[in-house]
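**Q** I have a structure here, written as structure tokens, and I will follow up with some questions on it.
Number of protein chains: 2
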Amino acid sequence: MIRYPDGREYKNSQTKKTYNKKGSEANRGMNLEDDINASNEWYRDQDVCVITKRPTPINIVKVDYSKGARITDAYFEKQSTTDYNGVYKGRYIDFEAKNTKSRTSFPFANIELHQIEHLERVLRHGGIAFFIIEFELKDEVYLIDAKYIIERYRNGPKKSLSYEEIKEKGILVERSYNPRLKYMDAVEKIYFSE
Amino acid sequence: MIRYPDGREYKNSQTKKTYNKKGSEANRGMNLEDDINASNEWYRDQDVCVITKRPTPINIVKVDYSKGARITDAYFEKQSTTDYNGVYKGRYIDFEAKNTKSRTSFPFANIELHQIEHLERVLRHGGIAFFIIEFELKDEVYLIDAKYIIERYRNGPKKSLSYEEIKEKGILVERSYNPRLKYMDAVEKIYFSE
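Protein sequences appear in the order of chains A and B. Counting from 1, position 109 in the first sequence corresponds to residue 109 in my numbering; the numbering is continuous, with no gaps. My numbering runs 1000 ahead of the 1-based position in the second sequence.
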């Protein structure tokens, strides 16, 4: 297993189809990123929307051309934006996915300032922006509008959001066989129904 | 200089500000990717739009944790989508940038089938999709709607677009000091004026 410097598991960005197909073994609940990636593949193949994960930026120091352009020295960079973006019904969608092992709150320390700034820009330009937050130990995933999180992040009063607050202001994302996370149902509900 | 297996120059995805600032040395016309990245930074800082380059996907084989998560074996993967996407006036924007050394035509061999398929999906979901094509030896850059290119790519009759055809169907992108490529002017003209 390959890990980032901060301990999170690294996934190669472009993997084989990972959503559940008839006959394949169940692979649900591996982790939030896997679940979102598999859901995005399913949504793409069902022609619901096109949402992709931005590959992890890597700074390359040395390449060995004698081995067919094999990278022999490089290091991870921080994503300067969020992890996911794409299009649904003509609208621009942009979000960040985060998980926490806390049962009681989501600490803002999990969010980088440049991600907040990126989402503020997206909102200024009329895009749809949100967070997907997983409470790992409760096995619950919430979708919550970025405006709400940004307001709290910028103005406090606390350096976290309580579980109750997220439950009240966000929408619980249903799990299913396909897609593993029905988060576009929540998007439809928040941003497209009136 | 680091190169991809196909010989193109590799750029680390997240570089320092590269657009022209007072007092900085002129760095125009380095190459198409540089020009677009610098223009995107300028557009972002001027609050015109948020368009970002997807980092180059890299498949990591080995990481040396004794050196602080240094990647010691990895290789380039092909982008499964296009290189650029983002938001302008609430709409989703997606495009691929290509250059050619030909003076007479743009060969479709420069485009990957999966890029065509990705752009077809984007169009189905109401996004704005185009190509930016540079004729290097003429120092001319055109923005041309993806629908037109896809139609020709899929149905022929030729395996290329002639320079005249691109000149007629596309829009010449003006160069300036900032942004280096005023391609959002062309976007505004094609997709937002009536």
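Using N, Cα and C, we set each Cβ at its ideal position, and we do this for glycine too. A quick note: this is a predicted structure, and the numbers were derived from the prediction, not measured.
What does GLY170(A) touch in chain B if you count any residue whose Cβ is under 8 Å from its own?
**A** Those do not exist, as GLY170(A) stays about 23 Å from chain B at its closest Cβ, beyond 8 Å.
**Q** Quick one: is TYR1092(B) near chain A, going by C-beta distance under 8 Å?
**A** At least one chain A Cβ lies under 8 Å of TYR1092(B).
**Q** To which residues of the same chain is ASP64(A) closer than 7 Å at the C-beta, ignoring the five residues directly before and after it?
**A** Closer than 7 Å at Cβ, skipping near neighbours: ARG70, THR72.
**Q** Quick one: which chain B residues come within Cβ less than 9 Å of PRO55(A)?
**A** In chain order: SER1013, ARG1054, PRO1055, THR1056, PRO1057, ILE1058, GLU1077, GLN1079.
**Q** Reducing DSSP to helix, strand and coil, say where ASP185(A) ends up.
**A** It is helical.
**Q** Which of the three DSSP states is assigned to ALA26(A) in this structure?
**A** At ALA26(A), the pLDDT of 43 sits below 50, so the modelled position is not reliable; the number obtained from the coordinates is stated separately. In the structure shown, ALA26(A) sits in coil (DSSP, three-state: anything other than H, G, I, E or B).
**Q** What's the call for GLU1117(B), buried or exposed, on a 16-neighbour Cβ count within 10 Å?
**A** That one is exposed.
**Q** Less than 8 Å between CB atoms is the rule here; does LYS147(A) satisfy it with respect to chain B?
**A** With 8 Å as the cut-off, LYS147(A) does not count as an interface residue toward chain B.
**Q** Classify GLU77(A) as helix, strand or coil using the three-state DSSP reduction.
**A** Note: GLU77(A) maps to coil in three-state DSSP.
**Q** Which residues in the same chain have their Cβ closer than 6 Å to the Cβ of ASN1040(B), if we skip the five residues on either side of it in sequence?
**A** Here the set comprises ILE1051.
**Q** Could you please give the first and the last residue of the uninterrupted beta strand (DSSP E) stretch that includes GLU117(A)?
**A** Taken as a continuous stretch (DSSP letters only), GLU117(A) belongs to no beta strand (DSSP E), being part of the alpha helix (DSSP H) at 113–124.
**Q** Is the Cβ of ILE111(A) closer than 8 Å to any Cβ of chain B?
**A** Judged by the 8 Å Cβ criterion, ILE111(A) is not in contact with chain B.
**Q** Does ASP185(A) have its Cβ less than 8 Å from a Cβ in chain B?
**A** False, the Cβ-Cβ gap to chain B never drops below 8 Å.
**Q** If GLY1086(B) sits next to ARG91(A), beta carbons under 8 Å apart, how far is it from one beta carbon to the other, in whole angstroms?
**A** Contact doesn't hold; Cβ gap of about 13 Å is too wide.
**Q** For ASN1040(B), which three-state DSSP category applies?
**A** Looking at ASN1040(B) - three-state DSSP - the assignment turns out to be helix.
**Q** Can you list, in chain order, the stretches of the alpha helix (DSSP H) that have 4 or more residues and sit fully within the stretch 141–180 of chain A?
**A** Those alpha helix (DSSP H) runs which fall completely within the stretch 141–180 of chain A and span 4+ residues are 146–155, 163–169.
**Q** With a 10 Å radius around its C-beta and 16 neighbouring C-beta atoms as the bar for buried, classify PHE1135(B) as buried or exposed.
**A** Its Cβ being crowded by 16 or more others within 10 Å, PHE1135(B) is buried.
**Q** Around the C-beta of PHE76(A), are 16 or more other C-beta atoms found within 10 angstroms, so that it is buried, or is it exposed?
**A** Answer is buried; the Cβ neighbour count reaches 16.
**Q** Quick check: is the beta carbon of ARG154(A) nearer than 8 Å to any beta carbon in chain B?
**A** Not one chain B Cβ lies under 8 Å of ARG154(A).
**Q** If contacts are defined as beta-carbon pairs under 8 Å, then TYR1153(B) and GLY1170(B) qualify, I think. What distance do you get, rounded to the angstrom?
**A** Not a contact, Cβ separation roughly 15 Å.
**Q** Using 8 Å as the threshold, is the C-beta distance between ASN1175(B) and ALA1038(B) below it?
**A** Before going further, note that residue 1175(B) is Arg rather than Asn in the sequence given. No, these two residues do not count as a Cβ contact at 8 Å.
**Q** Assign VAL187(A) to one of two classes, buried (16 or more other C-beta atoms within 10 Å of its C-beta) or exposed (fewer than that).
**A** That one is buried.
**Q** Please report how far the alpha carbon of GLU168(A) lies from the alpha carbon of ARG103(A), in whole angstroms.
**A** Taking the straight line from one Cα to the other gives about 15 Å.
**Q** LYS1138(B) CB to nearest chain A CB: under 8 Å?
**A** Closer than 8 Å: no.
**Q** Rounded to whole angstroms, what is the Cα-Cα separation between ILE128(A) and TYR191(A)?
**A** Distance between the alpha carbons of ILE128(A) and TYR191(A): 8 Å.
**Q** Excluding the 5 residues preceding and the 5 following LEU1113(B) in the sequence, name in chain order all residues of the same chain whose CB lies nearer than 6 Å to its CB.
**A** So no residue of the chain qualifies.
**Q** I'd like to check one pair, LYS1098(B) with LEU1123(B): are the Cβ atoms closer than 8 Å?
**A** No; because the gap between Cβ atoms is not below 8 Å, this pair is not in contact.
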